[in-house]
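Quick notes on the structure that follows.
Residue numbers (my numbering): 15 to 673.
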């Protein structure tokens, strides 16, 4: 089948490329792949270098998905992943998400979730053993589905699919999971109808085989006698017992005859056992791509539901149109003497800019066409309407509609007011002036207390920090990880210490975070390590209280003396401001600020601001109001002992900060 490059995809936990082969046959172009096993990587590159050379020359063939920066992955339409199945398989220990005995393979699904969250592709196609559906009494599957549907906003379909359902002579029951980003409430995807066998096991062997459909190819247990219930690779052919070779395995999995294995026969069989059934993936993938394209044609309408934070951004926007000024605040959020007058309002995702002509009139200018129109503010926005919008946002739950906002947006001639992606520090852009000066195009972030307390730093794989656990035997992994008390992280850490273990700080899990912290201060990574231990071990959440605790201890480690409390406070304050205005955890920072201030919507509905013109107040506000928070340990892959290929033990802690 000829490739027309009709869509793009990424191939995670790619093995030898079963997904790649099927998607390529459907017209897909692979822009990123990841596989940890070095032997499988050799086979993958050997077979796909000709049809996807840029994948290998561009450095987009990753060897450890945990090290990949989601924001650096090229944009793509479909995420494909046959994520590790051993933690959920009948043949393994069935540790599920808690399988940390082999480089955290049990929780690698959450890397998939992180990539979906960052890149927001149109669809995903996941594959795993059927046991994942019932693992842990269905709780594992429930977690996966809830993250994909509730947290990430994708639809979700699944079906147990056998290779023999789509033409291949092999049982191989697998859970296929499909989802779409823009499907909303109109769910309509249907798995394709089954197809007859293309050939039987007799055709595979080239002789009369006692089985029409073959056993499921596996990894391990090779060489059992033909009458052993564990047998999967011995067949009776023309009255003779024969053992499966890579030649037969390829046909059972749907790989073409010219697919090559530049590895040993043992490795080739293992790789085939780990692969997907190509024909099954292609048939289901074809249906998925057709449905995805039909959604593209339907979804050209404006988003009408938002959460509290998104609606607050719009409320701030229109409040500034009415008030035409921004009052700055002291560290306690009380207004100070500095007031910014506003001449123009826009943001990075609007075609239009709004010029404030006087207290009663605004001029709206389309920046692309330069078309202009003028509006009387009081005809669109009244105090009563603004109060009604405020109360509606306060009472809203989850994502919800506000019809009054739709009317306002239509009258103002805008489709949406939002900071755009989560990778922007600037939610709104203002031309501001005082009697002394004038500053055009000043970027501000927006923080709202109308709903849950806003975050300064969101949890992700980028905010994980790694500690090596010294002086501890790996036999305690399950004992420690099975601690599931209400204070499990504190209890796990204390058990590690009680058993003689020592936390040795290694660094941020992702190199960009480590780089950014060092740009703030050369000692900042180590300081963050001690902040995290103070929080999780001693349950101290306030940044100010943590600094007091670290100072009281006297030393951050054997090499760094921090008896100078004022110096430590200044370093922490600089870190908080740099996170607010400057860097993202997953992106390498150049040291500059994208925003120069932030606007705070208080619970009362009062709106105040901070700006670097009064950076002291901003530093004090952050220092006295930021607390560490505990995100989901499962979702963000931390808080458990795990062992790496170097046989050393590690433990991760996650840094999440809230106001």
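The C-beta atom is built at its ideal place from N, Cα and C for all residues, glycine as well.
Reduced DSSP secondary structure (H/G/I, E/B, other) of residue i
i, result
"residue 398", "helix"
"residue 601", "coil"
"residue 625", "strand"
"residue 611", "strand"
"residue 214", "coil"
"residue 366", "strand"
"residue 416", "coil"
"residue 235", "coil"
"residue 405", "helix"
"residue 326", "helix"
"residue 101", "Because the pLDDT of residue 101 is 45, which lies under 50, any placement of that residue in the model is unreliable, and the number read from its coordinates should be weighed accordingly. Looking at residue 101 - three-state DSSP - the assignment turns out to be helix."
"residue 360", "strand"
"residue 137", "strand"
"residue 142", "strand"
"residue 382", "coil"
"residue 193", "strand"
"residue 371", "coil"
"residue 33", "helix"
"residue 432", "The predicted position of residue 432 is uncertain, since its pLDDT is 43 and thus under 50; a value taken from the coordinates is nonetheless stated next. DSSP places residue 432 in coil when its eight states are reduced to three."
"residue 655", "strand"
"residue 649", "coil"
"residue 376", "strand"
"residue 110", "Model confidence at residue 110 stands at a pLDDT of 44, short of 50, so the residue's coordinates are unreliable; what they give is reported in the following sentence. Correct three-state label for residue 110: helix."
"residue 170", "coil"
"residue 294", "helix"
DSSP beta-bridge partners of residue i
i, result
"residue 349", "343"
"residue 670", "643"
"residue 175", "188"
"residue 664", "482 and 656"
"residue 517", "483"
"residue 355", "339 and 447"
"residue 319", "415"
"residue 75", "47"
"residue 522", "479"
"residue 180", "209"
Exposure label - residue i; buried when at least 16 CB within 10 Å
i, result
"residue 653", "buried"
"residue 449", "exposed"
"residue 87", "buried"
"residue 523", "buried"
"residue 360", "buried"
"residue 28", "buried"
"residue 19", "exposed"
"residue 219", "buried"
"residue 297", "buried"
"residue 638", "exposed"
"residue 451", "exposed"
"residue 36", "buried"
"residue 674", "Any property of residue 674 remains undetermined from this structure, which presents the chain solely from 15 to 673."
"residue 58", "buried"
"residue 661", "exposed"
"residue 212", "exposed"
Residue i, enclosing alpha helix (DSSP H) - first and last residue
i, result
"residue 228", "From DSSP, residue 228 is part of no alpha helix (DSSP H); its letter is neither H nor E."
"residue 127", "123-133"
"residue 205", "Premise fails: residue 205 is in no alpha helix (DSSP H) and is neither H nor E."
"residue 48", "Residue 48 -> not in any alpha helix (DSSP H); beta strand (DSSP E) instead, spanning 42-48."
"residue 527", "525-534"
"residue 541", "538-552"
"residue 152", "Residue 152 -> no alpha helix (DSSP H), and no H or E assigned at all."
"residue 162", "Neither: residue 162 is in no alpha helix (DSSP H) and is coded neither H nor E."
"residue 54", "52-62"
"residue 70", "67-71"
"residue 617", "Careful: residue 617 lies outside any alpha helix (DSSP H) and carries neither H nor E."
"residue 563", "557-567"
"residue 586", "579-595"
Extent of the continuous beta strand (DSSP E) run through residue i
i, result
"residue 22", "21-26"
"residue 95", "92-95"
"residue 387", "386-390"
"residue 290", "Neither: residue 290 is in no beta strand (DSSP E) and is coded neither H nor E."
Any chain C beta carbon closer than 9 angstroms to residue i
i, result
"residue 176", "In the structure shown, chain C cannot be found, because there is only a single protein chain."
Self-check item: Entirely enclosed alpha helix (DSSP H) segments - the segment 441-512, minimum 4 residues
Solution: Taken in chain order, the whole alpha helix (DSSP H) runs of length 4 or more contained in the segment 441-512 are 491-495 and 502-512.
Quiz prompt | Every unbroken beta strand (DSSP E) inside the segment 241-271 [3 residues or more] | solution = Listed in chain order, the complete beta strand (DSSP E) runs (minimum 3 residues) inside the segment 241-271 are 248-251 and 254-257.
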